[in-house]
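Trainee: Numbering (the working numbering), first residue to last: 345 to 422.
Glycine included, C-beta positions come from ideal geometry on N, C-alpha and C.
This is the structure I want to talk about, given as structure tokens.
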């Protein structure tokens, strides 16, 4: 649904999940979105451990451990 909205409106869709589910959400997005859809991840924003990366869905596959128990803002776009 988020991917369809992003394509239709040509706008990034944002989502926030509780920290203990962040890795599972990235796994779900990486495997269910079209492989060329972009997923942006902003983890631990404003902390020394901050991580901000954008990759295609296929590039995030198998990479979810980096988000385990971290507060993350997800962006889904085309």
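1. Using three-state DSSP, classify residue 408 as helix, strand or coil.
2. Assuming residue 360 and residue 417 form a contact by the criterion Cβ under 8 Å, report the distance between their Cβ atoms to the nearest whole angstrom.
3. In three-state terms, what does DSSP make of residue 367?
4. Rounded C-beta distance between residue 347 and residue 369? I'm assuming under 8 Å.
5. Checking 8 Å against the spacing of the C-beta atoms, do residue 371 and residue 408 come in under that value?
6. Compute the Euclidean distance between the alpha carbons of residue 397 and residue 420, then round it to the nearest angstrom.
7. On a CA-only basis, which of 413, 415, 412, 404 is nearest residue 374? Give me that one, please.
Mentor: On the basis of the supplied data:
1. Residue 408 sits at position 64 when you count from the first residue of the chain shown. Correct three-state label for residue 408: helix.
2. Working through the chain shown from its first residue, we reach residue 360 at position 16. Working through the chain shown from its first residue, we reach residue 417 at position 73. Contact check for residue 360 and residue 417: beta-carbon distance about 6 Å, within the 8 Å limit, so the pair qualifies.
3. Along the chain shown, one-based indexing puts residue 367 at 23. If DSSP states are grouped into helix, strand and coil, residue 367 belongs with the helices.
4. Locating residue 347 in the chain shown gives position 3, counting from the first residue. Locating residue 369 in the chain shown gives position 25, counting from the first residue. About 14 Å separates the CB atoms of residue 347 and residue 369; that is not less than 8 Å, and the two are not in contact.
5. Within the chain shown, numbered from 1, the residue matching residue 371 stands at position 27. Within the chain shown, numbered from 1, the residue matching residue 408 stands at position 64. Yes, the pair counts as a contact, with Cβ atoms nearer than the cut-off.
6. On the chain shown, position 53 is the one that residue 397 refers to. On the chain shown, position 76 is the one that residue 420 refers to. Straight-line spacing of the CA atoms in residue 397 and residue 420 works out to 12 Å.
7. Here residue 374 is taken as the residue at index 30 of the chain shown, counted from 1. In terms of CA proximity to residue 374, 404 leads the group 413, 415, 412, 404.
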